[in-house]
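Undergrad: Numbering (the UniProt record's numbering), first residue to last: 1 to 179.
Please see the structure below; I have some questions.
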């Protein structure tokens with residue numbers, strides 16, 4: 001912004017008027033400079049906040065982008081557990097082929113759980129724990145005078161946590177208070 005200033009003269013009144021006009025111009029320009037500096041600093045802060053927010057979203061996407069895949073894989077882990085539990089102990093001792101098949105299923109399930117853990121997916125078996133509606137799903141209540149009411153007595157399906165966030169709540173039977 002440029003303004004033409006009258007030529008300096010020897011007249012003190014004109015010089016004083018010019019000086020006053022220059023002071024006003026200086027105040028005006030300093031105000032605009034302060035305003036622009038404020039806007040610049042705010043833009044820098046907003047850009048930094050945006051950068052941090054994007055980094056956090058990228059980290060969350062990395063951590064939880066596999067969430068749907070993990071949910072699908074939980075069914076495989078459940079089926080393997082059902083298969084392992086379906087073979088009675090007496091059958092294991094009577095046939096080497098069945099024993100080998102059982103050991104193979106146990107090793108497969110163990111390896112699957114290791115891979116889950118490698119990617120932040122952890123099994124949660126709440127048997128004997130206090131019922132927590134945030135991580136457990138009460139499927140039924142069961143009377144048991146030997147156990148404290150509100151305790152998980154039966155686990156129908158184990159729960160899973162993905163990076164400490166509940167992916168699937170454990171389906172449980174809870175001890176009810178004696179009536």
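We treat Cβ as the ideally placed atom computed from N, Cα and C, and that holds for glycine.
To which residues does DSSP link residue 143 through a beta bridge?
TA: 176
Undergrad: Could you give the residue range of the beta strand (DSSP E) that holds residue 169?
TA: No beta strand (DSSP E) contains residue 169, which DSSP labels as neither H nor E.
Undergrad: Nearest CA to the CA of residue 144: which residue from 174, 22, 16?
TA: Checking every option, the nearest Cα to that of residue 144 belongs to 174.
Undergrad: Considering only residues of the stretch 66-137, which uninterrupted alpha helix (DSSP H) runs meet the minimum length of 4 residues and lie entirely inside it, listed in chain order?
TA: Entirely contained in the stretch 66-137, the alpha helix (DSSP H) runs reaching 4 residues are, in chain order, 67-86, 89-94, 96-118.
Undergrad: If you check the beta carbons only, do residue 106 and residue 162 fall under 9 Å apart?
TA: no
Undergrad: Identify which residue in 56, 79, 37, 133 has its Cα closest to the Cα of residue 108.
TA: If we check each option's Cα against that of residue 108, 79 comes out closest.
Undergrad: Between the alpha carbons of residue 150 and residue 169, how many angstroms are there, rounded?
TA: 16 Å
Undergrad: Going by the beta-carbon positions, is the gap between residue 135 and residue 124 smaller than 9 Å?
TA: yes
Undergrad: Please classify residue 158: does DSSP put it in a helix, a strand, or coil?
TA: Looking at residue 158 - three-state DSSP - the assignment turns out to be coil, as it is neither helix nor strand.
Undergrad: For the alpha helix (DSSP H) holding residue 150, just list the boundary residues, first then last.
TA: Annotation: residue 150 is outside any alpha helix (DSSP H) and is labelled neither H nor E by DSSP.
Undergrad: Please state if the CB of residue 112 and the CB of residue 138 are separated by a distance shorter than 9 Å.
TA: No, these two residues do not count as a Cβ contact at 9 Å.
Undergrad: In terms of residues, what are the limits of the alpha helix (DSSP H) holding residue 35?
TA: 12-64
Undergrad: Whole-angstrom Cβ separation of residue 63 and residue 120, contact assumed at under 8 Å?
TA: 7 Å
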